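**Student:** Adding 21 to a residue's 1-based position in the sequence shown gives its number in the working numbering.
For glycine and all other residues, C-beta sits at the position ideal for the given N, C-alpha and C.
Since this is a predicted model, take the numbers as computed values, not measurements.
Right, I'll just put the structure down here and ask away after.
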Amino acid sequence: MTASPQVEQGRRVEPEQRPATKPAGSAPRGFGSTLRVDRWIIKPVLIAGGLLVFILYATWSSIFGIPYFGVDYAAEGYHSPFFGIVIGETVLPAWLSPAILVLWIQILFRATCYYFRGAYYKAFFLDPPACGVGEPTVHRRFAMENKFPFILMNAHRFALYLAFIPLVVLWWDLVVSMVHDGTIRVGVGVFLIAADAILVSLYVFSCHSFRHLVGGGMDCFSCSASTQRRHGIWGWVSRINVHHGKYAWASLFSIILVDLYVRAIALDIISTSTPIIGGFL
Ligand code: FES
């Protein structure tokens with residue numbers, strides 16, 4: 022695809038200069054036409070399936086689990102990551118899940134993520150279905166991220182600032198889970214929550230916007246002690262940024278795993294006193 026002259030010269034593209042419809046791109050015309058000979062369809066199908074599983078499970082767990090099925094989100098000192106902030110339980114009506122207080126931040130952050138945009142634009146919007154594969158011609162009538170509503174995707178950096186709130190709560194939940202009935206506990210639940218906290222942290226700190234936050238807007242990395250420090254942090258973030266997509270998926274499924282574990286205890290399917298090899302659940 023050929024970049025516009027404004028982009029090539031590195032200048033800001035003013036709103037009135039942005040194309041009213043999507044540029045044609047270089048993929049063959051016609052939905053599904055391609056010169057690719059590999060099985061390109063497998064990846065978008067897997068991504069669509071994975072995202073659907075997460076969306077359906079998260080909706081059941083965070084919106085309907087308590088008000089409509091009465092399955093508690095906390096048990097034996099463990100706490101579902103979908104319910105990071107539960108102060109709303111006392112002020113919200115019974116039919117409204119307290120997960121709503123933090124869920125909108127998670128949705129905003131993940132839906133505007135550069136990685137997930139690339140993934141679900143392909144998997145759900147077929148825009149395009151895969152690299153080098155023709156997309157539905159109807160897309161040509163839209164300006165995509167140049168106009169409302171998709172221009173709101175540019176708010177991702179603000180979603181990043183908000184995402185630090187549930188992240189702090191997640192680490193706090195880990196500390197709380199380790200101190201149970203006045204004693205220090207190290208069980209399977211603690212390991213699961215710790216793994217989840219680490220994976221979510223890697224996902225947040227490998228964010229492209231975070232990389233820009235720590236290393237962007239500087240002309241000289243070596244000019245002072247503070248810019249050298251920022252360069253060091255930027256180098257570290259750049260190293261994990263390469264794996265951002267992996268952390269995005271791993272953290273999605275670690276959240277589900279912790280939630281399933283807590284619900285299983287709440288439903289008496291497993292017990293925290295059931296002995297396992299080398300410890301206790
Ligand atoms: Fe994925 Fe920021 S780019 S979270």
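1) Rank G236, P119, P65 by C-alpha distance to the C-alpha of R250 and give the top, closest one.
2) Across the segment 46-59 and the segment 254-266, are there enough close Cβ pairs to call them in contact, namely three or more that are closer than 8 angstroms?
3) Could you tell me the alpha carbon to alpha carbon distance between D148 and P170, rounded to whole angstroms?
4) Quick check on this structure: which residue in V190, D202, L77, R178 has the alpha carbon closest to the alpha carbon of S227?
5) Taking buried to mean at least 16 other C-beta atoms within 10 Å of its own C-beta, is S118 buried or exposed?
6) If V279 and P49 are in contact, beta carbons under 8 angstroms, what's the gap, nearest whole angstrom?
7) Using only the heavy atoms of ligand 1, determine whether one of them is closer than 6 angstroms to the beta carbon of S230.
8) Run the CB neighbour count on T158, radius 10 Å, all protein chains shown included, and call it buried at 16 or more, exposed below.
9) Could you tell me which of L72, H100, H229 sits nearest to V211, measuring between CA atoms?
10) Suppose the cutoff is 8 angstroms on Cβ atoms and the five residues either side in sequence are ignored; what does the same chain contact list for A306 look like?
11) In the DSSP assignment, the alpha helix (DSSP H) including T293 goes from what residue to what residue?
12) Does DSSP put I214 in a helix, in a strand, or in coil?
13) Is it true that the segment 182-192 meets the segment 69-81, where meeting means three or more beta-carbon pairs spaced less than 8 angstroms apart?
14) Buried or exposed: where does T133 fall if 16 or more other Cβ atoms within 10 Å of its Cβ makes it buried?
15) Could you name each continuous alpha helix (DSSP H) segment of 4 residues or more that falls completely within the segment 91-143, going from the start of the chain to the end?
16) Could you check the C-alpha separation between V200 and P150 for me, to the nearest Å?
17) In this structure, does DSSP put I205 in helix, strand or coil?
18) Quick one: what's T55 bridged to in DSSP?
19) Are the CB atoms of S230 and L173 within a distance shorter than 7 angstroms?
20) Quick one: residues in its chain with C-beta nearer than 8 angstroms to the C-beta of S198, no 5 flanking neighbours on either side, listed in chain order?
21) Taking 7 angstroms as the cut-off, decide whether the C-beta atoms of A144 and A69 are in contact.
22) Would you please state the rounded distance, in angstroms, between the beta carbons of W192 and A216? I believe it to be under 8 angstroms.
23) So, F242 versus H252, is the Cβ gap smaller than 7 angstroms?
24) Look at the alpha carbon of C152 and the alpha carbon of S47, and state the distance between them as a whole number of angstroms.
25) I'd like to check one pair, A287 with D93: are the Cβ atoms closer than 7 angstroms?
26) Can you give the Cα-Cα distance for G139 and H264, rounded to whole angstroms?
27) Between L183 and L129, which are expected to be in contact by the criterion C-beta below 8 angstroms, what is the C-beta distance as a whole number of angstroms?
28) Who are the Cβ neighbours of A176 in its own chain at under 7 angstroms, not counting the five residues just before and after it?
29) Distance check for T293 and I62, CA to CA, integer angstroms please.
30) Could you tell me which uninterrupted alpha helix (DSSP H) segments, each at least 4 residues in length, are contained entirely in the segment 54-83, listed from first to last along the chain?
**Tutor:** With the structure as the only source:
1) Ranking G236, P119, P65 by Cα distance to R250 puts G236 first.
2) Counting Cβ pairs under 8 angstroms, fewer than three are found: no touch.
3) When rounded, the distance between both Cα atoms is 16 angstroms.
4) Ranking the options by Cα distance to S227, first place goes to R178.
5) Of the residues assessed, S118 falls on the buried side of the cut-off, its CB having 16 or more other CB atoms within 10 angstroms.
6) With a Cβ gap of about 44 angstroms, V279 and P49 do not count as contacting.
7) It does: the Cβ of S230 is within 6 angstroms (strictly closer) of some heavy atom of ligand 1.
8) Its Cβ having fewer than 16 others within 10 Å, T158 is exposed.
9) The option with the nearest alpha carbon to V211 is H100.
10) Beyond the ends of the chain as shown, which are 22 and 302, falls residue 306; an answer cannot be given.
11) Careful: T293 lies outside any alpha helix (DSSP H) and carries neither H nor E.
12) Helix.
13) As far as the Cβ criterion goes, the segment 182-192 does not touch the segment 69-81, which means the pair count is below three.
14) T133 counts as buried, since no fewer than 16 other beta carbons sit within 10 angstroms of its beta carbon.
15) 121-132, all fully within the segment 91-143.
16) Roughly 48 angstroms between the two C-alpha positions.
17) Shown here, I205 sits in a strand according to DSSP, grouped into three states.
18) Partner(s): V154.
19) No, they are not a contact pair.
20) Cβ neighbours of S198 within its own chain (closer than 8 angstroms, five residues either side excluded): G98, Y99, H100, R206, G210, V211, I214.
21) The Cβ-Cβ distance between A144 and A69 falls below 7 angstroms.
22) Separation of the CB atoms of W192 and A216 is rounded to 13 angstroms, and the pair is thereby denied contact status at 8 angstroms.
23) In terms of Cβ geometry, F242 and H252 form a close pair [threshold 7 angstroms].
24) Taking the Cα positions, C152 is about 10 angstroms away from S47.
25) Contact flag set, yes.
26) When the Cα atoms are used, G139 and H264 turn out to be separated by approximately 15 angstroms.
27) Under the criterion of beta carbons closer than 8 angstroms, L183 and L129 qualify as touching, at roughly 7 angstroms.
28) T133, listed in sequence order.
29) Roughly 43 angstroms separates the two Cα atoms.
30) Listed in chain order, they are 63-80.
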